[in-house]
Amino acid sequence: MTQGQIDRKRVGEAARTLAMGLWLPALFLAGLLFSYLPAFHHPVPHHISIAVAASPADTARLQHELDVAAPGGFTLRPTADAAGARAAVLNHSAVAAYVPVGDHPLLYGAKADGAALETVVRQTFDTVAGRAGDTLAFRELVPTVPGDASGSSLLYVVLACVVAAYFMVITMQRAVGFGRWAHVATSIGWGVVTAAISYLAAAYVVQVIPPNPLALLYLFLLTQAVSLTAYGLVPFFGWFFPGVAITLFVLLSVPSSGGAVPVQLVPGFFGSLHPILPMGNAADAMRSICYFGSNQLLRPTVVLCAWIAAGVTLILLGYLKQQRRLAHEAADQTMTEYVPGPPAEDPTVLLPEPVALAPHHHHFGDEEPILTGRVTDPSGQPLPGATITVIGPHGRQLVRTRTDRNGEYAATGFSEVVAVVIAIMPGRPAAVVQLRLDPAAPVNQDIVLGAQLPETREPDGSGPRGRVTPAG
Numbered sequence: 004m005t006q007g008q009i010d011r012k013r014v015g016e017a018a019r020t021l022a023m024g025l026w027l028p029a030l031f032l033a034g035l036l037f038s039y040l041p042a043f044h045h046p047v048p049h050h051i052s053i054a055v056a057a058s059p060a061d062t063a064r065l066q067h068e069l070d071v072a073a074p075g076g077f078t079l080r081p082t083a084d085a086a087g088a089r090a091a092v093l094n095h096s097a098v099a100a101y102v103p104v105g106d107h108p109l110l111y112g113a114k115a116d117g118a119a120l121e122t123v124v125r126q127t128f129d130t131v132a133g134r135a136g137d138t139l140a141f142r143e144l145v146p147t148v149p150g151d152a153s154g155s156s157l158l159y160v161v162l163a164c165v166v167a168a169y170f171m172v173i174t175m176q177r178a179v180g181f182g183r184w185a186h187v188a189t190s191i192g193w194g195v196v197t198a199a200i201s202y203l204a205a206a207y208v209v210q211v212i213p214p215n216p217l218a219l220l221y222l223f224l225l226t227q228a229v230s231l232t233a234y235g236l237v238p239f240f241g242w243f244f245p246g247v248a249i250t251l252f253v254l255l256s257v258p259s260s261g262g263a264v265p266v267q268l269v270p271g272f273f274g275s276l277h278p279i280l281p282m283g284n285a286a287d288a289m290r291s292i293c294y295f296g297s298n299q300l301l302r303p304t305v306v307l308c309a310w311i312a313a314g315v316t317l318i319l320l321g322y323l324k325q326q327r328r329l330a331h332e333a334a335d336q337t338m339t340e341y342v343p344g345p346p347a348e349d350p351t352v353l354l355p356e357p358v359a360l361a362p363h364h365h366h367f368g369d370e371e372p373i374l375t376g377r378v379t380d381p382s383g384q385p386l387p388g389a390t391i392t393v394i395g396p397h398g399r400q401l402v403r404t405r406t407d408r409n410g411e412y413a414a415t416g417f418s419e420v421v422a423v424v425i426a427i428m429p430g431r432p433a434a435v436v437q438l439r440l441d442p443a444a445p446v447n448q449d450i451v452l453g454a455q456l457p458e459t460r461e462p463d464g465s466g467p468r469g470r471v472t473p474a475g
């Protein structure tokens, strides 16, 4: 290989390392710039539903005036009287109610739908009333609790549940001894804890939402929609599942949730995502439970349960996919040329790569070994310095390490795979063992190397020819 080829290879390896290390930060950068900025920088009303206590003819005239002031911004619904208009707001079927009463029309609002939305409605109707020479009066029908002046605290309650559920899936990828169903049980348990802490903190500690135990159920459903779906994505997207999950549940969900900016004020793309993604549905359910008498809960309930069902389906499909792969690997006994694996990445961010560990020296937060063992001679004496190589089913070297002074070795970071462990020590026959590695079931594989091989000499007796180390 020429020097130019070596330099090009080094540049390519450096570029690959940078790409693998920076793709997730780049996704965050692009997501925040091209998702949050377009959604939040210029709120414009879109089809805000207003109940109007007026005849259809008067409602049509008012609709024309609103279309001039804010084209496409408002949709008016005529009601029989003022009581019907107020009921539409209280039932959460309208954002505000307008009652034209002589020169002093009255507007009823619901700050619980978001202070920004209420402000836009008031300003627009003030403008329309001013053009007619009228003075608009305003009354608050559904105020928020005193601790939530902006009406956006629900966003942070549901966001806390989403982020906690997402990072639980990330960190549990390095949990040794936890199988697929243990992961699911952990997801359920962590969801209960997350929902309870979020609800108690928001309702009783910070006091930004009114207490209502039904909110606990929907916070729990949100955690399961996120964690089960994210975990179900792992077998299909591998290294890239954190990016797929964070895009679905944070980068797209926050702008479309209606928490920071009400969904009626964001661009149409994000408005179309609102009834689909779990965060927006959880926010709608929480708002309905806390302020609107638990009305309009059907859609949020169905959507959150659908996400949970999708997550369970992905987990089952991933299980079947893994079983087929393991069966194929177990049947394939062909060993090919060893190919070094890529450098290990940080398993707290992405999926772990196989890596050697120091036997026994593990502290809280350290990775737990998946494969351990001890290499001895036939008499049981430890053999320090023996080389341990773990080979994947297609000849790819997964990890290489050496035994310590006690003849022990340890490694971790394996996915569920059928592997070959080779133990080699100069002067002794090599040992080869095939076993199944599984993060859910750590393996202890002790290896006995044969007795020391005798030295052979050259035919003229001048000196040792070397040791013969056949594989045993």
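Residue numbers (this note's numbering): 4 to 475.
Glycine included, C-beta positions come from ideal geometry on N, C-alpha and C.
As the structure is a computational prediction, the values presented were derived from the model and not from experiment.
C-alpha distance - residue i paired with residue j, whole-angstrom precision
i	j	result
Leu254	Trp310	17 Å
Val352	Thr174	Confidence at Val352 is low in this model, with a pLDDT of 42, below 50, so the placement of that residue should be treated as unreliable; the coordinate-derived value is given next. In a straight line, the C-alpha of Val352 is about 8 Å away from that of Thr174.
Lys114	Leu276	23 Å
Leu120	Gln267	8 Å
Ala204	Pro149	15 Å
Val208	Tyr294	19 Å
His186	Gly15	37 Å
Val446	Leu456	30 Å
Ser230	Leu69	44 Å
Leu35	Arg125	30 Å
Asp61	Val47	25 Å
His49	Pro245	33 Å
Val211	Cys164	16 Å
Arg399	Ala228	36 Å
Gly3	Gly87	Outside the displayed span of the chain (4 to 475) sits residue 3, for which this structure offers no information.
Ala63	Ile249	44 Å
Met428	Ala389	5 Å
Pro81	Leu40	36 Å
Ile191	Val104	54 Å
Leu144	Pro28	44 Å
Ser271	Ser259	Per the sequence presented here, residue 271 reads as Gly, with Ser not at that position. Taking the straight line from one Cα to the other gives about 10 Å.
Close Cβ partners of residue i (< 7 Å) along its chain, the five nearest in sequence each way excluded
i	result
Ala263	Phe43, Ser155, Leu158, Val257
Ser291	His95, Ser297, Asn298, Gln299, Leu300
Val402	Pro357, Val358, Ala359, Val393, Ala414
Gly194	Ala168, Phe223, Thr226, Gln227, Ser230
Asp84	Ala56
Pro238	Gly321, Lys324, Gln325
Residues near residue i in its chain [Cβ-Cβ closer than 6 Å; skip 5 each side]
i	result
Leu109	Val102, Ala140
Ser52	Thr78, Ala97, Val98
Gly296	none
Thr138	His107
Ala167	Thr197
Thr127	Ala72, Ala73
Val247	Leu236, Phe240
Pro146	Lys114
Cβ neighbours of residue i in the same chain (closer than 8 Å, five flanking residues each side left out)
i	result
Pro408	First, the amino acid is wrong: residue 408 is Arg here, not Pro. Hits under 8 Å: Pro385, Pro387.
Thr316	Gly235
Ala132	Pro108, Thr138, Leu139
Ile2	This structure leaves residue 2 out entirely; the chain is present only between 4 and 475.
8 Å contact criterion, which residue i and residue j should meet: CB distance rounded
i	j	result
Ala198	Leu219	5 Å
Ala433	Ala426	7 Å
Thr415	Leu360	6 Å
Val160	Ser201	5 Å
Glu419	Pro442	7 Å
Leu307	Pro281	6 Å
Val92	Ala135	Not a contact, Cβ separation roughly 23 Å.
Residue i at chain E interface by Cβ criterion, 8 Å
i	result
Ala433	Judged by its chain identifiers, the structure shown contains no chain E, having just a single protein chain.
Quick check: the segment 451–458 against the segment 370–385, are at least 3 beta-carbon pairs closer than 8 Å? Cβ pair count under 8 Å is three or more, so yes.
Residue ranges of each alpha helix (DSSP H) run of no fewer than 4 residues wholly in the segment 68–142, ordered along the chain? Counting only runs of 4 or more residues that sit fully inside the segment 68–142, the alpha helix (DSSP H) segments are 85–93, 118–134, in chain order.
Which runs of the alpha helix (DSSP H), 4 residues or longer, sit entirely within the segment 213–252? Entirely contained in the segment 213–252, the alpha helix (DSSP H) runs reaching 4 residues are, in chain order, 217–240, 244–249.
If we require 3 or more residues per run, which beta strand (DSSP E) segments fall completely within the segment 364–434? The segment 364–434 contains, as complete beta strand (DSSP E) runs of 3+ residues, the segments 374–379, 390–394, 399–405, 411–415, 420–427 (chain order).
State whether the segment 216–231 contacts the segment 311–325, with contact taken as three or more CB pairs (one from each stretch) at a distance under 8 Å. With a cut-off of 8 Å, the segment 311–325 and the segment 216–231 count as touching, because enough Cβ pairs lie within range.
Do three or more CB pairs link the segment 313–328 to the segment 233–250 at distances below 8 Å? Yes, since at least three Cβ pairs between the segment 313–328 and the segment 233–250 fall closer than 8 Å, the two stretches touch.
Hey, which unbroken runs of the alpha helix (DSSP H) at 4 residues or more fall wholly within the segment 144–214? 156–174, 183–203, all fully within the segment 144–214.
If you scan the segment 19–64 from start to end, which runs of the beta strand (DSSP E) of 3 or more residues do you find wholly inside it? Entirely contained in the segment 19–64, the beta strand (DSSP E) runs reaching 3 residues are, in chain order, 51–55.
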